[in-house]
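Protein chains in written order, with our numbering: chain A, 1 to 362; chain B, 1001 to 1225.
Each residue gets a CB set at the ideal place from its N, CA and C atoms; glycine is no exception.
These figures come from a predicted structure and were not determined experimentally.
Take a look at the structure below.
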């Protein structure tokens, strides 16, 4: 577990940050700032590193900092790594961003008053995850202010050791999983586990905090380089809904099952755990109760129904699925994915590009 | 965990059913206000969830007038659009009682289900007759004195500015963290039942939440039809 956590915490995106031309008052314009941004961090936290590059060239006034990628104002409360995975179909290194110090688009973005806003948002997400996992926010609420601050600072500094110390007071638990217990037996001897010491602790509700960012790609493209840019957040469907894991005897709830559960209208009504390893390529729709559902709801305008007995051509295609910059195999057990690839606030952030066949209008 | 003890929350499908019941009762008992409409979230993102027709309740263009002597806001009938934000033409059908110093503000309210907390959450935004959005501080000062008081004194209700779950815009939100706790208390203490008829959930919920943002509900709504 620790190796994976280290991998996640050390992940970083090289950024090349350009000052927006409207705010450049000097000739020649300042060179871009080159910053290595932690994946698990947030863009506004980089300001102390960035500002020195540009402070002498800014027009007079109060700073209201915001970032933009190819014209898209960036949501500052989404972790940097997630923004990169989502918006750069073909990873761009360094990632070229534009920074603004004026003209905050407050009709589009919620206000950000520096580190405090980001911290507040982080703690709220931590509470939300706590609620999802435990059915209440007690763990977070009972943390003292100074413990919360310590936890937050470890995130700001991307300091895993400090985070491990602070979060031991949080008792987030891990998702019980038959597959992890075997590996944890051997590793328990060699290292001090955090949260992992309780691999036997089952989350009370069997729910996983997940945030899914879905881009429905209408056009076909061969290479990721040819993917059309995302020019508006309205093109992304954001799903902030806990994943309920249903354990069945002898069956493994995979990442693929998780996606199908979270997007049932695209992948069939009720997901079943994968029957076996061959399932990964087939996105078969579940025929059984689809018809029941339509009649239950009366109005019937819930969704465009998936065809019964549909062929593979009719099913949505997962073109890309990224978590922490990697593309895990769809048959990976979701418990492993959630336990190892989650962010410090205990949410698993998943970016998915889906191509829905044009026959289906949604 | 005690199976029979209700935790104050409701499921997504219970929310949808409860929303329908709430909207019907509102229409019946609150004719001075425009009706709540159900907006299918399908119209915005690309999918809905499970067996439930995912959506939210919407009440828009509600005019709240803060009079000089700080009385409870009077509300005025809002037809289809008091203020058409698209065209920037304002059709002011508001009837203001005499006082020239009142400034009408318009509120949009959305009641949206939170899958994480399993409770309804109230989102709202406010704007002036010229379409300018109000910031959080302005809204708090515009709310009638009674609700401002409720806001300050209650440990369970506070307003934050957050992104609307579907519309990609900043809205104000009434924080849901304590909702399940006070809903549970409400039903145990007031209704004296362990578990409510879920259809009534929203009516009861709104009886607590409404006054915070200046919307009362008539007592008839709380009674069985």
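Check, Outcome
"In chain order, what residues of the same chain lie with their CB nearer than 8 Å to the CB of residue 328(A), ignoring the 5 residues before and after it?", "255, 321, 337, 341"
"Could you pull out every residue in the same chain whose Cβ sits closer than 6 Å to the Cβ of residue 1119(B), ignoring the five residues on either side in sequence?", "1009, 1176, 1179, 1180"
"With DSSP as the reference, label residue 150(A) as helix, strand or coil.", "helix"
"Tell me whether residue 68(A) counts as near the ligand GDP, meaning its Cβ is closer than 8 Å to at least one heavy atom of that ligand.", "In terms of ligand content, the structure shown is empty, and the ligand GDP therefore cannot be addressed."
"So, are the CB atoms of residue 1202(B) and residue 1112(B) less than 9 Å apart?", "no"
"What does a CB cutoff of less than 7 Å around residue 31(A) pick up in its chain, not counting 5 residues either side in sequence?", "none"
"Hey, is residue 80(A)'s beta-carbon within less than 9 Å of any beta-carbon in chain B?", "no"
"Check for me: the alpha helix (DSSP H) holding residue 1160(B) runs from which residue to which?", "No alpha helix (DSSP H) holds residue 1160(B); the beta strand (DSSP E) holding it covers 1159 to 1163."
"Got a sec: which bits of the region 125 to 152 of chain A sit with their beta carbon under 8 Å from any beta carbon on chain B, in order along the chain?", "127, 128, 131, 132, 135, 137"
"Does residue 113(A) pass the burial test, meaning 16 or more other C-beta atoms within 10 Å, or should it be called exposed?", "exposed"
"To the nearest whole angstrom, what separates the beta carbons of residue 351(A) and residue 213(A), a pair I think is in contact under 8 Å?", "5 Å"
"Mind checking if residue 111(A) is an interface residue toward chain B, Cβ cutoff 9 Å exclusive?", "yes"
"With H, G and I counted as helix, E and B as strand and the rest as coil, what does DSSP make of residue 291(A)?", "Low local confidence applies: a pLDDT of 37 at residue 291(A) is under 50, so the model's placement there is unreliable, with the coordinate-based value given in what follows. Correct three-state label for residue 291(A): helix."
"Taking residue 170(A) as the reference, which of 155(A), 161(A), 138(A), 227(A) has the closest Cα?", "138(A)"
"Determine which residues of the region 1121 to 1143 of chain B have a Cβ less than 8 Å from any Cβ of chain A, and write them out in chain order.", "1133"
"From which residue to which residue does the beta strand (DSSP E) around residue 1126(B) run?", "1119 to 1128"
"Check whether the Cβ atoms of residue 415(A) and residue 4(A) lie closer than 9 Å to each other.", "The first residue shown for chain A is 1 and the last is 362, placing residue 415(A) beyond what the model contains."
"Answer with buried or exposed for residue 41(A), where buried requires no fewer than 16 other C-beta atoms within 10 angstroms of its C-beta.", "buried"
"Compile a chain-ordered list of the residues in the region 221 to 250 of chain A whose CB is closer than 9 Å to at least one CB of chain B.", "232, 233, 234, 236, 237, 238, 239, 240, 241, 242"
"Please classify residue 1113(B): does DSSP put it in a helix, a strand, or coil?", "strand"
"Label residue 61(A) either buried or exposed according to how many other C-beta atoms from any shown protein chain fall within 10 Å of its C-beta, with 16 as the threshold for buried.", "exposed"
"Counting C-beta neighbours from all protein chains within 10 Å, is the total for residue 1137(B) 16 or more, i.e. buried, or is it exposed?", "exposed"
"With 9 Å as the threshold, decide whether the Cβ of residue 1007(B) is near any Cβ in chain A.", "yes"
"Among residues of its own chain, excluding the 5 on either side of residue 125(A), which ones have a beta-carbon nearer than 7 Å to its beta-carbon?", "345, 347"
"Checking contacts by CB at 9 Å: is residue 1015(B) closer than that to chain A?", "no"
"Apart from the five residues on each side of it in sequence, which residues of its chain come closer than 6 Å, Cβ to Cβ, to residue 54(A)?", "19, 30"
"To which residues of the same chain is residue 208(A) closer than 6 Å at the C-beta, ignoring the five residues directly before and after it?", "243, 338"
"Taking just the CA atoms, how far does residue 232(A) sit from residue 1054(B)?", "23 Å"
"What's the C-alpha gap between residue 1220(B) and residue 1171(B)?", "31 Å"
"Relative to the C-alpha of residue 1185(B), which candidate in 1061(B), 1131(B), 1208(B) has its C-alpha closest?", "1208(B)"
"Grouping DSSP H, G and I as helix and E and B as strand, with all else coil, what is residue 1246(B)?", "Since the first residue of chain B shown is 1001 and the last is 1225, residue 1246(B) is not available in this structure."
"What three-state label does DSSP hand residue 1210(B) in the structure shown?", "helix"
"Short of 7 Å in beta carbon distance, which residues of its chain neighbour residue 1015(B), apart from the five on each side in sequence? Order them along the chain.", "1113, 1120"
"To the nearest angstrom, how far is it from the Cα of residue 82(A) to the Cα of residue 74(A)?", "11 Å"
"Taking the straight line between their C-alpha atoms, what separation do you get for residue 59(A) and residue 99(A)?", "14 Å"
"Taking any Cβ of chain B, which residues in the region 90 to 118 of chain A have a Cβ under 9 Å from it, in chain order?", "106, 107, 108, 109, 110, 111"
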